[in-house]
Amino acid sequence: MNKPFVYDKYVTGKCFVGRKYDCMILGNLLDARENVVMYEPPKSGKMSVIQQTLYNMREAAKQFTVIHVNMFNVRTLEDFLVKFGTALIRPMFSTAQEYSDVVEKYLSDTHFVFDKTRFAVADEVVSMNWEADMNDVEKMFRFPFLLAAAKGTVFHIILEEFHNIMNDKDFEDALKVMEKVLAEKDKSVSFIFTGSRVNAMKYIFAEKKFFYRQVEYLPLQKVDDSEITEHIVRGFMIGGKVVERELIMGACNLFRGQMWYLNHFTSICDNLTKGYINEGILMQALNILLSIHEPRFMAVIDDLTDHQLSLLRAVLDGVTKFSASDVIEKYALNSSANVRRVKDALKKKEVITFNEKDEPVILDPLFEYWVGKKYFGIR
16 MNKPFVYDKY VTGKCFVGRK YDCMILGNLL DARENVVMYE PPKSGKMSVI
66 QQTLYNMREA AKQFTVIHVN MFNVRTLEDF LVKFGTALIR PMFSTAQEYS
116 DVVEKYLSDT HFVFDKTRFA VADEVVSMNW EADMNDVEKM FRFPFLLAAA
166 KGTVFHIILE EFHNIMNDKD FEDALKVMEK VLAEKDKSVS FIFTGSRVNA
216 MKYIFAEKKF FYRQVEYLPL QKVDDSEITE HIVRGFMIGG KVVERELIMG
266 ACNLFRGQMW YLNHFTSICD NLTKGYINEG ILMQALNILL SIHEPRFMAV
316 IDDLTDHQLS LLRAVLDGVT KFSASDVIEK YALNSSANVR RVKDALKKKE
366 VITFNEKDEP VILDPLFEYW VGKKYFGIR
C-alpha cells in the first residue's frame, strides 16, 4: 500500500512536492557538466531534488552513469579514497579479476591495491597498503575521468556529506589537489557536493573558497505553502479524512516548509483518527513528534555553555546585533570579543547559521520551537 506521507527515505515522482525550479536548474547544470554544491540542514530535501532531477533526465533519454558516495562515516582521507574508488569500479565491472585489472591499470604507482581478503570481508574493491599521500589523492580523483573516457559514458558523481573530509588532518592539502584536477575542465564528469552541516560546508566553499569558480552553489528554494497544503489535503483524502487548510498553513509556518518534518507530522495525524482532523489532533501529533526528537534536542542543550545559551535566547528574542552594549548587558555576554567566540561555537555545533544579511537563523525549525516553548518557556 502506498503511503501518502513519506519521511523515511528520499522521494521522487508523485511523492515529490514543489521545487520544480531547483530540479530544472540542477538538470541544466548537469547537462552542461558543471559541478554543483548543495548544503542545507539534515533532511531538507537535497537528495530528493538530486534524485528527482536524475529521474527527469532519464525520462528525457539522456545517457549517464551515477556514482553515489555517502561520506557519513568517513573519518580519514583513506576512508574517503577507498569508498570513492570502490563506488567508481563496482557499477562498471563485475568480477574479481576485472577489479584487480582495473586497479592495476589506472591506479599504478599508488598505494591502492585490490585485496581479495578485504574484498571478501569488507566488500572493498579498492584497498590501501599504506597511508595515503597527495599522489594517491590526485590519481584517484583523475580516475573517474579516465574511466568515463574508456567506457564512453558521462559520470555524475554525488559526494554526500562531503564536509566529513574535514575530519582528516590533511584535508586542505587534499582539497587543493582536487581543485587542480577540476581546473582541467574535463566535461566527462560532474560532481555534486552535498552536506548537512551547513557551517562546515560554508567553511569549505564560502570562507576558504575551495573550488572557487569551479562549482555552482545551488540553494534549495522553500516549497510553496500552497503546494504543501495541496499535497497534505490529497494525502488525507486517500483515507477519507478531512482537514482545514488553515490548520495546515499553520503547520507549514511552524516547520518552515521542511517536508521531512511535515510528512512525519501528518503521518502521525493520519494514524490518530479515522475522520475529521481538528486542532486537537494536530497538537497531539506535535507532542508525539516532540517526544521523539526531545532526547536529541536535550543533547544539544546539554552541550551548550551558559554564554551559548544566553546568545541562543537572544536569537529567539529577535536580536540581530549581539555586540551592542545593551544586548551584552541584558544577556550577560561579557564583551564583544566573547560574543564572537560564542557565535563561532554555536556555528561549529551547527545550532545556528547566518544568512546573506548576517542575520542569525536557527537551523532546525522543530528545535527552535522546542527550545523556545519547552526550555525557555517563551509564550
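Going letter by letter, the sequence shown gives residues 16 to 394 in this note's numbering.
Every residue gets a Cβ at the ideal spot worked out from N, C-alpha and C, and that includes glycine.
Small disclaimer: the values here were computed from a predicted structure and weren't measured.
>> Buried or exposed for residue 112, going by 16 or more other Cβ atoms inside 10 Å?
In response: exposed
>> Tell me the DSSP secondary structure of residue 168 in three-state form.
In response: coil
> What number of angstroms, rounded off, separates the C-alpha of residue 16 from the C-alpha of residue 341?
Replying inline: Caution applies to residue 16, whose pLDDT of 48 falls short of 50 and renders its modelled position unreliable; the model cannot decide the point.
> Exposed or buried, residue 47, counting other C-beta atoms within 10 Å across all chains shown (16 or more means buried)?
Replying inline: exposed
>> Judging by CA-CA distance, which residue of 63, 39, 157 and 74 is the nearest neighbour of residue 395?
In response: Any question about residue 395 goes unanswered here, given that the chain covers just 16 to 394.
> What span of residues does the beta strand (DSSP E) with residue 54 cover, start to end?
Replying inline: Residue 54 -> beta strand (DSSP E) spans 50–54.
> Are the beta-carbon atoms belonging to residue 90 and residue 64 less than 8 Å from one another?
Replying inline: no
> Using CA coordinates, which residue listed in 30, 52 and 21 is at the minimum distance from residue 224?
Replying inline: Relative to residue 224, the option among 30, 52 and 21 whose CA is nearest is 52.
> From this set, 154, 173, 230 and 206, which residue's C-alpha is nearest residue 189's C-alpha?
Replying inline: 154
> Can you name the residues that DSSP bridges to residue 257?
Replying inline: Answer is 291.
>> When you compare the CB of residue 18 with every CB in chain C, is at least one pair closer than 8 Å?
In response: Absent from the structure is chain C; it holds one protein chain and no more.
>> Taking the beta carbon of residue 101 as the centre, do at least 16 other beta carbons fall within 10 Å, making it buried, or is it exposed?
In response: buried
> residue 380 by DSSP, collapsed to three states: which one?
Replying inline: helix
>> Along the chain, where does the beta strand (DSSP E) containing residue 85 start, and where does it finish?
In response: 80–85
> Below 8 Å, can you find three or more Cβ-Cβ pairs linking the stretch 161–178 to the stretch 66–81?
Replying inline: yes
> How is residue 60 classed by DSSP in three states: helix, strand or coil?
Replying inline: In the three-state scheme derived from DSSP, where H, G and I count as helix and E and B as strand, residue 60 is classed as coil.
> Taking the runs of the alpha helix (DSSP H) that are 4 residues or longer, which of them lie wholly in the stretch 64–148?
Replying inline: Unbroken alpha helix (DSSP H) stretches of 4 residues or longer found wholly inside the stretch 64–148: 92–104, 111–121 and 131–137, given in chain order.
> Helix or strand or just coil, what does DSSP make of residue 227?
Replying inline: In this structure, DSSP gives residue 227 a state outside helix and strand, which the three-state scheme calls coil.
> Since residue 210 sits in a beta bridge, which residues does DSSP pair it with?
Replying inline: 54
>> Please state whether the Cβ-Cβ distance between residue 366 and residue 327 is less than 8 Å.
In response: yes
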